[in-house]
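Trainee: Got a structure here, written out as structure tokens. Questions coming.
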Amino acid sequence: MLYPEIEIVGGRMKRKSFGQPCEGAIWYILPYIRAGLARELANLGLTQEEIAGELGLTQAAVSQYKRGKRGKIEELDEEVHHLIQNVADGISDEGIKNLHGKICIICNHIKEDPELLRHCGVEEEEMEEESPACRLEA
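In terms of the numbering used here, the sequence shown opens at residue -14 and continues consecutively.
Have a look at this one:
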């Protein structure tokens, strides 16, 4: 299935199924991680343009992540916050190698905890649909 089925529930777009490995993470967890990284990098003094360049995003996307329009963060788990801070520090200090791998580590940590998944907006019934094939070694 190239494009998974979607439906609108309570004004929010929801996936009926996940077609590819990591698709659930892309919809729910990655925005959460990007929002955390955007905020941390801004706290370290990087401009939105610099953050966009480091994360491979547009400046407009960074602005939305920082303002909570994308990847809303109600609460960051202490360990997730620590992981995000370490990645942000690495980016800020010297540029980080294997950013995708570092993001996978954070994502896999989140996927192991149902409470963290709820913080990312994943509903209970969606938690078991994700393919374990996306658990890459970073």
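The beta-carbon is built from N, C-alpha and C at its ideal position, and this holds for glycine as well.
How is the alpha helix (DSSP H) around valine 72 delimited, first residue to last?
Mentor: 63 to 79 is the extent of the alpha helix (DSSP H) around valine 72.
Trainee: With burial defined as no fewer than 16 other Cβ atoms inside 10 Å of the residue's Cβ, what is the status of histidine 104: buried or exposed?
Mentor: Counting Cβ neighbours within 10 Å, histidine 104 comes out buried, since at least 16 surround it.
Trainee: Would you mind sorting glycine 56 into buried or exposed? The rule is 16 or more other CB atoms within 10 Å of its CB.
Mentor: It is buried - the Cβ of glycine 56 has at least 16 other Cβ atoms within 10 Å.
Trainee: Check whether the stretch 5 to 24 touches the stretch 45 to 55, taking contact to mean three or more Cβ pairs, one atom from each stretch, closer than 8 Å.
Mentor: At 8 Å Cβ cutoff, the stretches touch.
Trainee: Does the beta-carbon of alanine 73 have 16 or more other beta-carbons within 10 angstroms, so that it is buried, or is it exposed?
Mentor: So alanine 73 counts as buried.
Trainee: Please report the straight-line C-alpha distance between leucine 68 and threonine 43, rounded to a whole angstrom.
Mentor: The alpha-carbon atoms of leucine 68 and threonine 43 are separated by roughly 23 Å.
Trainee: Looking at the structure shown, is isoleucine 36 part of a helix, part of a strand, or coil, going by DSSP?
Mentor: Looking at isoleucine 36 - three-state DSSP - the assignment turns out to be helix.
Trainee: Taking only three categories from DSSP, how would you classify lysine 82?
Mentor: Three-state DSSP puts lysine 82 in coil, outside helix and strand.
Trainee: What separation, rounded to the nearest whole angstrom, lies between the Cα atoms of isoleucine 91 and isoleucine 18?
Mentor: Going from the Cα of isoleucine 91 to the Cα of isoleucine 18 covers about 8 Å.
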